[in-house]
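All remarks here apply to the structure that follows.
In the UniProt record's numbering, the protein residues as written are 1 to 223.
This is how it looks when you write it as structure tokens:
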């Protein structure tokens, strides 16, 4: 990493090697972002939870849990990685780079969490918290404003449960390499296919399938 590369969203690394590790995909080296991502997941969750705790008073644990899950899920973290300028820094193996793995939400969100951990190790919890709040401030504010909103899978499950319907996800296909999989799933409501989704993880594909199903249901209500 050059001195310029070692600046991320206003934070300047003292040890640029930490940032380099945080953006290195497992396809490149055994020294990669996976362990940092494990640590960063907890740090991001704690920072977001503390902020929401002060912004959503007396609405119960359920509201806090739903608001937090909206902020720390895969897609918001991937978008935060983009805004922080991390996505172009991701180091990939040649095959993974050719396959466009760096664009996968699962990889970008992992890198965001890994960089958060790298900042924590380099500059302490205060620096890590500032980074998270700068990167996710808009998402936190939106979640606090509407803490009752559900993610697509939860919303679809609640819709089905109210009507005594089952919700099941089927894997249609899994393509790509072990380091760069793509999942294609469909969701069935009461046994009928209602939506499909693709993603770099099962969770991402299922969320997109659920969102597609909700769109179909909403369109049907308007008719």
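For each residue, glycine too, the CB sits at the ideal point set by N, CA and C.
_Cutoff 7 Å; reference residue 190; Cβ partners in own chain excluding five residues on either side_ = Residues of the same chain with a CB within less than 7 Å of the CB of residue 190, apart from the 5 flanking positions on each side, are 165, 166 in chain order.
*Bridge partners of residue 169, per DSSP?*
Beta-bridge pairing links residue 169 to 187.
*asked:* Using 8 Å as the threshold, is the C-beta distance between residue 200 and residue 182 below it?
replied: Yes, these two residues count as a Cβ contact at 8 Å.
*Buried or exposed: which applies to residue 206, given that a residue is buried once 16 or more other Cβ atoms fall within 10 Å of its Cβ?*
It counts as buried.
_Between the alpha carbons of residue 4 and residue 17, how many angstroms are there, rounded?_
Only weak support exists for where residue 4 lies, its pLDDT of 43 falling under 50; the coordinates are left without a value.
*To the nearest angstrom, how far is it from the Cα of residue 131 to the Cα of residue 116?*
Taking the straight line joining both Cα atoms gives about 7 Å.
*Measure from the alpha carbon of residue 152 to the alpha carbon of each residue in 196, 180, 127, 111, then state which is nearest.*
In terms of CA proximity to residue 152, 196 leads the group 196, 180, 127, 111.
*To the nearest angstrom, report how far apart residue 220 and residue 147 are at their CA atoms.*
Between residue 220 and residue 147, the C-alpha separation is close to 27 Å.
_Per-residue DSSP class, three states only, for residue 8_ = When DSSP states are grouped into helix, strand and coil, residue 8 belongs to the strand group.
*Could you check which residue in 104, 64, 47 has the C-alpha nearest to that of residue 78?*
The alpha carbon of residue 78 has as its nearest neighbour, out of 104, 64, 47, the alpha carbon of 104.
_Sequence-distant residues of its chain with Cβ nearer than 7 Å to residue 92 (five each side left out)_ = Residues 25, 27, 28, 101, 102 of the same chain have their beta carbon placed closer than 7 Å to that of residue 92, with the five preceding and five following residues left out of the count.
_residue 94 versus residue 33: straight-line alpha-carbon distance, rounded_ = If you take the alpha carbons of residue 94 and residue 33, they lie about 17 Å apart.
*Could you check the C-alpha separation between residue 45 and residue 123 for me, to the nearest Å?*
Our two residues, residue 45 and residue 123, have alpha carbons roughly 18 Å apart in a direct line.
*If you count every other CB in all the chains shown that lies within 10 Å of the CB of residue 53, and 16 or more means buried, which is it?*
Counting the other CB atoms within 10 Å of its CB gives residue 53 a total below 16, which places it among the exposed residues.
*Name the DSSP bridge partner or partners of residue 177?*
Looking at the DSSP assignment, residue 177 forms a beta bridge with 180.
*What does a CB cutoff of less than 6 Å around residue 112 pick up in its chain, not counting 5 residues either side in sequence?*
By the criterion of a C-beta distance shorter than 6 Å, residue 112 is surrounded in its chain by 77, 80, 81, once the five residues flanking it on both sides are discounted.
*Just to confirm, does residue 10 get its C-beta within under 7 Å of one of the non-hydrogen atoms of the ligand PLP?*
For the structure depicted, the ligand PLP is absent and the ligand set is empty, with no information on it obtainable.
*Give the straight-line distance between the Cα atoms of residue 58 and residue 72, rounded to the nearest whole angstrom.*
Going by C-alpha positions, residue 58 is about 21 Å away from residue 72.
*How would you write the range of the alpha helix (DSSP H) that residue 97 sits in, first residue to last?*
From DSSP, the alpha helix (DSSP H) with residue 97 extends over 94 to 98.
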